[in-house]
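Going by my numbering, the first residue of the sequence shown is number 37, and it counts up by one from there.
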Amino acid sequence: MSVITVLNKGNVPTGPFTRAQVAEKLQRGEISLGDLAFVEGLSQWTPLRDVLAQVDGNVPGGPAPILAPPPVRPPATVPPVYSYAATMQPPAHLIYAGFWIRFAAYLLDHLILFIPILMLGIILGFVVGGFAVIAGTAHAAGIFPTQSSLNPAFPMAIVMFELAIFVSFSVIAWLYYALQESGPHQATFGKRVMGIKVTDMEGVRISFGQATGRYFSKIITGMVPLGFGYIMMVFMDRKQALHDLIASTLVVRS
Numbered sequence: 037m038s039v040i041t042v043l044n045k046g047n048v049p050t051g052p053f054t055r056a057q058v059a060e061k062l063q064r065g066e067i068s069l070g071d072l073a074f075v076e077g078l079s080q081w082t083p084l085r086d087v088l089a090q091v092d093g094n095v096p097g098g099p100a101p102i103l104a105p106p107p108v109r110p111p112a113t114v115p116p117v118y119s120y121a122a123t124m125q126p127p128a129h130l131i132y133a134g135f136w137i138r139f140a141a142y143l144l145d146h147l148i149l150f151i152p153i154l155m156l157g158i159i160l161g162f163v164v165g166g167f168a169v170i171a172g173t174a175h176a177a178g179i180f181p182t183q184s185s186l187n188p189a190f191p192m193a194i195v196m197f198e199l200a201i202f203v204s205f206s207v208i209a210w211l212y213y214a215l216q217e218s219g220p221h222q223a224t225f226g227k228r229v230m231g232i233k234v235t236d237m238e239g240v241r242i243s244f245g246q247a248t249g250r251y252f253s254k255i256i257t258g259m260v261p262l263g264f265g266y267i268m269m270v271f272m273d274r275k276q277a278l279h280d281l282i283a284s285t286l287v288v289r290s
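This is the structure in structure tokens:
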């Protein structure tokens with residue numbers, strides 16, 4: 037049986053080893069086929085692959101297979117899962133909408149809202165006007181015996197009219213913004229025309245509750261002197277107005 041001596045990394049002879057022992061060391065990666073080795077019959081140190089070829093060629097029944105160490109696969113690199121809570125930075129792919137494009141969307145939305153609000157105002161005007169006519173006719177016919185009997189009714193009708201208009205306008209505007217910004221398009225009609233939408237800080241669709249909070253936060257934005265609650269988006273890195281900061285929302289390109 038042939039015995040093999042192998043030079044280690046420090047050029048120190050190790051062994052001798054049998055052919056089976058060499059195969060095991062190759063498989064474990066302790067030696068390589070490029071290491072120098074020696075076997076009886078050679079005149080000098082020779083690469084191990086050539087030594088094994090000679091040894092295996094002398095084995096009855098043909099050469100034995102050379103067991104090379106299995107390839108080492110580099111560990112798969114898994115991209116880290118995005119988390120706004122961990123980084124406090126929105127996703128890099130978001131492109132924030134600036135002041136002027138948002139202002140144009142604001143004008144379009146108010147133009148759209150003007151039509152139903154105008155129609156509602158006309159209807160309520162007819163209702164209150166009809167009430168005034170009925171009250172005046174009743175007074176003239178003597179149904180109200182004294183002038184003092186009419187006075188409390190008519191001013192109350194005016195107050196109720198103004199209250200109804202205020203509440204109706206507020207509900208229509210609230211539902212217009214909240215339902216659409218929390219809907220599949222994440223944008224009102226005006227924002228859709230301008231190619232922008234509303235998201236949370238992770239770039240995800242907001243809920244109806246968050247959209248509602250964003251809408252009513254605009255009251256606070258409007259209370260800031262000189263419109264700075266809106267103008268501040270020009271100076272913010274993420275182009276956020278005050279109500280966006282309060283509601284933790286972003287307005288980005290679609």
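We treat Cβ as the ideally placed atom computed from N, Cα and C, and that holds for glycine.
A quick note: this is a predicted structure, and the numbers were derived from the prediction, not measured.
Spatial neighbours of residue i within its chain, please: C-beta separation below 6 Å, excluding the five flanking residues on both sides.
i: M237; result: Y120, P126 and S284
i: K61; result: I67
i: R85; result: L69
i: S253; result: H279, I282 and A283
Please confirm whether residue i and residue j have their CB atoms less than 8 Å apart.
i: L144; j: Y212; result: no
i: G157; j: I201; result: yes
i: Q222; j: V234; result: yes
i: I226; j: S290; result: This sequence places Gly at residue 226; Ile is not what is there. Their beta carbons are not under 8 Å apart, which means G226 does not touch S290 by this criterion.
i: I153; j: F205; result: yes
i: V58; j: V75; result: no
i: A214; j: A247; result: yes
For the putative contact between residue i and residue j, defined by C-beta atoms under 8 Å, what is the C-beta separation to the nearest angstrom?
i: Y132; j: V287; result: 7 Å
i: I255; j: S218; result: Between S218 and I255 the Cβ distance is about 19 Å, and since that is not below 8 Å, they are no contact.
i: A277; j: G265; result: 6 Å
i: G134; j: K275; result: 6 Å
At which residues does the beta strand (DSSP E) containing residue i begin and terminate?
i: R289; result: T285 to R289
Quick check on the DSSP output: the alpha helix (DSSP H) that includes residue i runs from which residue to which?
i: V240; result: Note, V240: premise wrong, no alpha helix (DSSP H); not H, not E.
i: K61; result: R55 to R64
i: F264; result: F264 to I267
Can you check DSSP and say which residues form a bridge with residue i?
i: K233; result: V288
i: Y132; result: V288
i: L72; result: P83
Ordered along the chain, which non-local residues of its own chain (more than five positions away) have a Cβ less than 8 Å from that of residue i?
i: H129; result: G239
i: Y142; result: G226
Can you find the residues in the same chain that come closer than 7 Å, C-beta to C-beta, to residue i, ignoring five residues on each side of it along the sequence?
i: G97; result: Residue placement at G97 is poorly supported in this model, since its pLDDT is 43, which falls under 50; the coordinates still yield a value, given next. Counting only Cβ-Cβ distances below 7 Å, and skipping sequence neighbours, we find nothing.
i: I137; result: M230 and I232
Step through the CB atoms of chain B and report whether any lies within less than 8 Å of the CB of residue i.
i: Q276; result: Included in the structure is just one protein chain, with no chain B present.
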